[in-house]
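Encoded as C-alpha cells, the structure appears first; notes follow it.
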Amino acid sequence: MAEVLRVEQITKQYPGVLALDDVSFDVQSGEVHTLLGENGAGKSTLIKVIAGIITPNYGKIFVQNEEVHFDSPLDAIRSGISTAFQEEALFHELSVAENIFMGQIPSHMGKINKSLMIERSADLLKQVGLDTVHPDIPVKHLNIATRQLVQLARAFLNNARVLILDEPATALTPHEREKLFQVVQKFKDQGAGIVFVSHHLKEALSISDRITVLKDGRKVTTTPAEGINEKQIVHWMVGKEIGDIYPAKEVRKGKVVYEVKGLSLLPHFSDVGFQLHEGEILGIAGLMGCGKTELAQALFGRMEPDRGLIKINGEETRVHNTKAAIDKGIFLIPDNRNEALYLSKSICENVSLPAIRNYSNGVRINRKKEIEDVEELAGRLKVRAVNVDYHVDTLSGGNRQKVLIARGVFAQAKILIFVEPTLGVDVGARSEIYDLIADLSRNGQSIIVISSDVPEIVGISHRVLVMHQGELKANLEGDEISEFQILNYMVSRQEEAFRKELTLN
Ligand SMILES: Nc1ncnc2c1ncn2[C@@H]1O[C@H](COP(=O)(O)OP(=O)(O)OP(=O)(O)O)[C@@H](O)[C@H]1O
Ligand SMILES: [Mg+2]
C-alpha cells in the first residue's frame, strides 16, 4: 500500500485550549482510517488542518510523500484532498452545481460556462447516486443526506486521493448510509485513502482498516481495526469503562396531560393520535423522512396542521406559533443545532434564553444565579469549554449538542420534545443526557423523544410509538419494547434488507 497522506507532530492552540498536541497520523491508498475520540478530543480540528481551513501552530503535512503548505481550502483540494464536513459547509442559497464547482467554476475568457458546469454536475451527481437531483436547484431544498452526497460529488470532481468524512452517517437512514458507503467504496477502489470520523463505534469497526483514538488533543493509539472491540475503544477514548448507558426505567403513568387527535399535515403525516401522561417518557421511533420531524414542528407551533386537535390537560387548544407553544408549557429541542443555537453568543446566553424570566425580579436579572445554574448543568453534561462565556461557535459538534440539551432542561416546560437528542454525542455524555431525561420525568415533566436511534428509544422510553410513512403504526409497552419489534414497524418491505442488517448488528 502506498501512503497518500501523512501529518507529523501537528499542534494547534486555541485561546485556553490545546486542541491538538503533537499528533502524527497517516493514511494509505485504499484504506479507511477512522478517527475516534470524545466530544472535543480534536478530531474535527485535525481534519480542518488537513483540509487547509486552519493553520496549525506547528507540524508538517505530506501528500504522497511530498511536503505541502496549505494557505486555503482550495490549496488542499488542488492537492487531492476532499472533505465532507461535520458542520456542513455548503452554501444554501447557491445551486447544487455552483456548490460542486465552488472556487473552480469553468470559464472561458472571463465568461462562466454554465452549460458545461451543469452537464458535468449531472455526471458527478450520477456517480454518487443522485440521478434525480437537478444541478440547478438551490442546496437549501435538499435534505441532510443529499447534501452529504453533494459534498462527495465535489470530491469526484477533484479526483480526490484523500477523502475525509467527518461524522457523515450521523443523521442518515440505514438506506442512505448504505448509499454513502457504496460511494466511499468507489473511492477506495480508485486507490483513494479515506479518513472517517464517527461516534458509532460498531459501524466504525466494521468499515475501518485502521483506527486512531484521540484524547484531549493527544493521540492515544493507532491500530488495525481487526481484533479490536468496542469496550477497548471506549477505554482508550474515556480512560475508563462505561457500564450500561441507560438509566433504570421507572415507568410512571400519571394523568393524561396532553392529547393529539387526527392530526394531519400532508404530505408529511396524517391522522396522528396519541396521549401523553404526566412524568412519562414517550418514544417516537421512525426513519428520517417518516414525518416525525414535521410532527415535532407541528406540536411546537412551527408548522400548521391541516386538521386535527390538541388537548392540554383535557382542554382543546390551538398552538399556532412557538410563542403560544411556550406559553402553554411546550418546548422543542430540534435536531438542527446550528440553526437553533445562536452561534456567536455565549454558552450561557444560549442555555438560559428560554428561562431568563425565572432570573428576573422584573427590574433586573440575577446574573450570578443564572451563571451558577448554567455552570452546574454544563458541568454535569461535560460541556468542554473554558467557561460558559465562550461563544458556541468555538465548541465542537457534540458540545454544541449538549448546550442545546441544557437549554431544554432550563426551559422547565411541562412537555418537552427532544428530536434526535444525542446526535454526534460521545458515549459518556450520552449516558448523562439519558440520566437527565430520566430526572425530568421523575420531576413530573412529560417527555417525547423522537429519534431514529432505535437502541436509544428502547433504552429510555416508557412507551413507544412507531411512525412509518407519515402514520403511527404501533404503540408498544413493557416487554413489547424491543429493537426487533420497533424495526418491524419502522421499516417497510423494500427496506427489509436493511432491517436484517440492523438486527444482525
Ligand atoms: N475556533 C475555536 N476557538 C476556540 N476553541 C476551539 C475552536 N474550535 C475548536 N475549539 C476547541 O478545540 C477542541 C477540539 O474541538 P474539535 O471540534 O476538534 O473536537 P471533536 O473531536 O471534533 O469533537 P466532536 O466529537 O464533538 O465533534 C474543543 O475543546 C473545542 O472547543
Ligand atoms: Mg467534531
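Just so we're on the same page, our numbering is the position in the sequence shown counted from 1, plus 1.
Glycine included, C-beta positions come from ideal geometry on N, C-alpha and C.
Nonlocal neighbours in the same chain, by C-beta distance under 8 Å from residue i, ignoring five residues either side
i, result
"Y15", "T395"
"I119", "A98, P136 and D137"
"V393", "L342, Y343, L344, S345, K346, S347, I348, N351, R401 and V404"
"L300", "V261, I311, V320, A326, I331, L333, I418 and I449"
"P268", "G471"
"F275", "E260, V261, L283, L466, L473 and N476"
"E168", "Q87, V198, S199, H200, G398 and G425"
"R494", "Below a pLDDT of 50, predicted positions are generally treated as unreliable, and R494, at 48, falls in that range; the measurement from the model is reported next regardless. Taken in chain order, the list of residues that qualify is empty."
"A508", "No answer is possible for residue 508: it lies beyond the span of the chain, which begins at 2 and ends at 506."
"Q10", "D23, V24, S25, Y59, G60 and K61"
Residue i - containing beta strand (DSSP E), residue span
i, result
"V465", "R464 to H469"
"K474", "E472 to E478"
"N128", "Inspection of the sequence shows that residue 128 is occupied by Gln rather than by Asn. Q128 -> not in any beta strand (DSSP E); alpha helix (DSSP H) instead, spanning K115 to Q128."
"A20", "V18 to Q29"
"G194", "G194 to V198"
"V252", "V252 -> no beta strand (DSSP E), and no H or E assigned at all."
"P225", "R219 to P225"
"F63", "Y59 to V64"
"R211", "R211 to K216"
"V33", "V33 to L37"
"G43", "That residue, G43, is in no beta strand (DSSP E); it is neither H nor E in DSSP."
"A356", "Note, A356: premise wrong, no beta strand (DSSP E); not H, not E."
"Q276", "F270 to H278"
"L95", "Element bounds for L95: n/a, residue is neither H nor E."
Among the options, the one whose alpha carbon lies nearest that of residue i
i, options, result
"S154", "L125, V467 and H469", "In the sequence as presented, Ser is not what sits at residue 154; that position holds Ala. Ranking the options by Cα distance to A154, first place goes to L125."
"L95", "P74, P225 and I106", "I106"
"R253", "L6, L21 and E478", "E478"
"T84", "R162, E68 and F26", "R162"
"A3", "T224, K13 and V28", "V28"
"V389", "S353, Q413 and A414", "S353"
"A249", "V33, Y490 and V459", "V459"
"A146", "N159, A156 and G130", "G130"
"S73", "N66, Q65, Q191 and P57", "P57"
"V375", "I357, L264 and E9", "I357"
"V185", "S122, R385, L437 and S30", "S30"
"D22", "V221, F157 and E377", "V221"
"K256", "Q413, G280, L158 and R338", "G280"
"V239", "G38, E227, F485 and A407", "G38"
"R308", "K329, E316 and L264", "L264"
"S271", "L158, N144, L181 and P306", "P306"
CB-CB length for residue i against residue j, believed under 8 Å
i, j, result
"V387", "G17", "4 Å"
"V198", "L36", "5 Å"
"S447", "L277", "5 Å"
"S453", "L288", "6 Å"
Close beta carbons around residue i, own chain, < 7 Å, minus the five adjacent residues each side
i, result
"K49", "I55"
"E433", "R381, L382 and K383"
"L19", "G218"
"Y490", "V467, H469, K474 and A475"
"L503", "Low local confidence applies: a pLDDT of 47 at L503 is under 50, so the model's placement there is unreliable, with the coordinate-based value given in what follows. The residues are P175 and L488."
"N322", "G302"
"T12", "L21, D22, D23, P57, N58, Y59 and G60"
"A430", "N40, L382, K383, G399 and K403"
"F499", "Bear in mind that a pLDDT of 49 at F499, under 50, signals an unreliable position, so the number given afterwards is only what the model happens to contain. Within the same chain, F499 has close Cβ partners P175, H176, E179 and V492."
"F182", "I208"
Cβ-heavy atom distance, residue i to ligand 3, below 8 Å
i, result
"P74", "Ligands in the displayed structure: ligand 1 and ligand 2; ligand 3 is not one of them."
Endpoints, alpha helix (DSSP H) assigned at residue i
i, result
"V375", "R368 to R381"
"L147", "The amino acid occupying residue 147 in the given sequence is Thr; Leu does not appear at that position. First-last of the alpha helix (DSSP H) with T147: I145 to L158."
"Q186", "P175 to D190"
"T294", "K293 to L300"
"V239", "E231 to V239"
Beta-carbon proximity list for residue i, same chain, < 6 Å, skipping 5 on both sides
i, result
"L505", "In this prediction, L505 scores a pLDDT of 43, lower than 50, which makes its location untrustworthy; no coordinate-derived value is stated."
"I208", "V33"
"A524", "Because residue 524 is not part of the residues shown, which for the chain are 2 to 506, the question remains open."
"A42", "L215 and K216"
"H93", "V140 and K141"
Chain B within 9 Å of residue i, Cβ atoms only
i, result
"S361", "This model lacks chain B altogether, as it is built from one protein chain only."
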